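Colleague: Shown below is the structure under consideration.
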Amino acid sequence: MAGRNVPVAETPPAVSVCPIVIETLKKRADFLRAAKAKRAGQPGFMLQARSRDDGDALVRVGFTCSKKVGNAVARNRAKRRLRALAHIILPQAAKPGFDYVLIGRAVETGSRDFKSMQEELRHALKKVHS
RNA sequence: UCGCAAGGGUAUAGGCCUUUCCAAAUUAAAGCGCUUAGGAAAGUCCGGACUCCAUGAAAAAACGGUGCCGGGUAACGCCCGGCGGGGGCAACCCCAGGGAAAGCGCCACAGAGAAUAGACUGCCUUCGUCUACGAAGGUGAUGGUGAAACGGUGCGGUAAGAGCGCACCGCGCGGCCGGAAACGGUCGUGGCGAGGCAAGCCCCACCGGGAGCAACGCCAAAUAGGAACCUCGCGGCGCAAGCCAGGGCCUUUUCAGCCCGAGAUGGUUCGGGUUGGCGGCUAGAGGAGCAUCGGCGACGACGCUUCGAGAUGAAUAGCCAUCCUGAGGUUCAUUCCUCAGACAGAAUCCGGCUUACAGGCUUUCCGCGCAU
RNA sequence: GCCGAUGUAGCUUAGCUGGUAGAGCAACGCAUUCGUAAUGCGUGGGUGGUAGGUUCAAGUCCUAUCAUCGGCA
357 MAGRNVPVAE TPPAVSVCPI VIETLKKRAD FLRAAKAKRA GQPGFMLQAR
407 SRDDGDALVR VGFTCSKKVG NAVARNRAKR RLRALAHIIL PQAAKPGFDY
457 VLIGRAVETG SRDFKSMQEE LRHALKKVHS
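The first sequence begins at 357 in the numbering used here and counts up by one.
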């Protein structure tokens with residue numbers, strides 16, 4: 357119980373002290389650029405990350421689910437889980453000036469345990485930043 | 001007929017509203033403000049609304065669709081009622097169900113013969129002849145083939161036979177009766193001359209201009225080569241009026257109407273390729289509930305109440321615990337643990353159809369089994 | 001979202017008006033060769049995407065459905 361509450365408890369101060377502005381990635385060209393940069397595969401998703409190097413501290417994140425994931429219901433569900441994941445983790449773990457893309461997987465993204473997916477995202481972020 | 005089984009907590013989720021900051025817009029912040037996915041949102045199979053394109057009119061052609069009759073509807077290929085046909089013991093279910101004497105075409109194989117009938121095997125009479133058999137004529141019942149054989153069954157009749165005659169059934173035609181009609185009933189008559197296929201061409205009746213919200217309108221950024229308009233000027237004949245040509249006006253033809261015209265310079269504007277934003281954008285042939293009236297019913301009329309998504313890399317959720325149902329394990333114990341809970345996600349909007357679907361609820365009828 | 005096209009053998013495909021579904025490559029067998037390839041001869045292989053309907057009879061006609069591919073700002 358205590359372990360699960362840690363991210364929830366830490367989130368409010370991180371927001372108030374250091375306001376990292378997160379924007380959603382919308383243009384196809386940005387997705388293509390991110391795909392050429394670093395990537396880190398995890399059981400529940402795939403993470404791609406790119407440093408823009410344009411001096412702006414803005415953090416941007418995009419979500420992608422292809423038809424491989426399933427029908428429209430499965431794709432929407434996968435995207436929602438990824439969005440919730442990014443919403444919890446990125447404010448504390450993201451680096452300013454980065455673009456991130458989270459890609460959904462066929463079965464795992466919709467059904468995998470949410471707590472372990474949080475750990476995996478933290479791990480993947482470290483891997484990409486190094 | 002209901003339909004993630006129930007409600008709750010939590011957001012730096014979407015939209016709308018209000019307030020604050022501001023010259024204004026945008027942005028930002030706030031609000032215990034309101035609201036946020038389906039019966040199929042799906043397939044895109046029909047019918048519309050709406051928008052744009054086309055100068056107008058009417059018909060014809062072409063193309064496409066529908067197809068018993070009547071009604072409902074904004075409209076439909078949908079729905080309701082009736083008729084006819086088929087299936088089922090029954091409740092009930094199913095049917096693209098106009099025309100085959102307008103014409104063309106097709107009917108493989110088998111079979112004598114597959115559509116103006118014809119004569120393989122046969123049967124009968126007469127003649128020739130000892131018989132076998134042959135010739136002439138009559139006949140179309142029998143045999144076998146096939147999906148289908150030119151009305152069927154029975155009796156009479158005959159040399160053998162045949163609607164040749166009769167009865168019943170079927171079919172056609174005509175009258176009468178019932179019905180709004182499809183159609184049904186009945187009487188007479190014809191003697192049967194017209195086999196099937198129209199989801200083959202076709203004929204008849206009716207309907208349809210084309211494209212689609214990525215329509216369409218507006219704003220901003222950005223760049224080789226083209227098009228239109230204004231100005232000068234303009235096909236052949238003719239002094240001229242005018243006549244003769246040619247092209248265009250989004251299927252073709254006809255009629256009416258309008259426009260254009262060789263070439264050149266300058267000016268103005270547009271489109272071609274790339275990309276973003278705004279409007280269209282959600283209140284409508286509205287849905288749901290209740291009551292009254294009309295109708296067999298679909299539905300209509302009127303009154304009251306209530307509900308009401310508008311995103312655009314696309315919100316409507318993720319997570320948490322409780323609880324319900326089911327399965328498995330466990331336990332003295334529905335005690336505890338684990339897993340699962342359908343089909344499926346609005347994208348301009350409505351009316352239908354079709355397809356997918358866990359489980360539940362309600363009502364009526366039929367058959368069978370058991371019990372009384 | 002809207003509009004269109006195509007499904008036939010392991011692969012690429014033909015088949016108009018309904019009547020026993022063919023071709024090339026591949027596979028297998030035999031011949032040829034010391035052996036292989038090439039070549040020659042022969043053989044097998046088809047729920048016609050799926051389900052209904054019309055018809056005596058459906059790859060073909062009609063309806064529904066599934067899958068794949070393409071176009072439109």
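Glycine residues also receive a C-beta, built at the ideal position from the N, C-alpha and C atoms. Here the structure is a predicted model, which is why all the values come from computation and not from measurement.
Excluding the 5 residues preceding and the 5 following K394 in the sequence, name in chain order all residues of the same chain whose CB lies nearer than 6 Å to its CB.
Modeller: Correct list, in chain order: A405 and V484.
Colleague: From S486, K471 and F419, pick the residue whose C-alpha is nearest to that of A390; which is it?
Modeller: Per the Cα distances, F419.
Colleague: Among the candidates P399, I444, K482 and A450, whose CA atom is the shortest distance from the CA of D469?
Modeller: If we check each option's Cα against that of D469, P399 comes out closest.
Colleague: Which whole-angstrom value is the C-beta distance of F401 and G460, which I expect to be below 8 Å?
Modeller: Contact flag correct, Cβ pair sits at about 6 Å.
Colleague: If you count every other CB in all the chains shown that lies within 10 Å of the CB of D455, and 16 or more means buried, which is it?
Modeller: By the neighbour-count rule (16 or more Cβ atoms within 10 Å), D455 is buried.
Colleague: Out of A449, V425 and M473, state which residue places its alpha-carbon closest to the alpha-carbon of V463.
Modeller: Of the listed residues, the one whose Cα sits closest to V463 is V425.
Colleague: Considering D455, what are the terminal residues of the beta strand (DSSP E) in which it resides?
Modeller: Note, D455: beta strand (DSSP E), F454 to G460.
Colleague: Closer than 7 Å by C-beta to R439: which residues in its own chain qualify, once you throw out the five before and the five after it? Chain order, please.
Modeller: Answer for R439: F419, listed in chain order.
Colleague: Would DSSP call L403 helix, strand or coil?
Modeller: In the structure shown, L403 sits in a strand (DSSP, three-state: E or B).
Colleague: Report buried or exposed for A385, applying the criterion of at least 16 other Cβ atoms within 10 angstroms of its Cβ.
Modeller: Counting Cβ neighbours within 10 Å, A385 comes out exposed, since fewer than 16 surround it.
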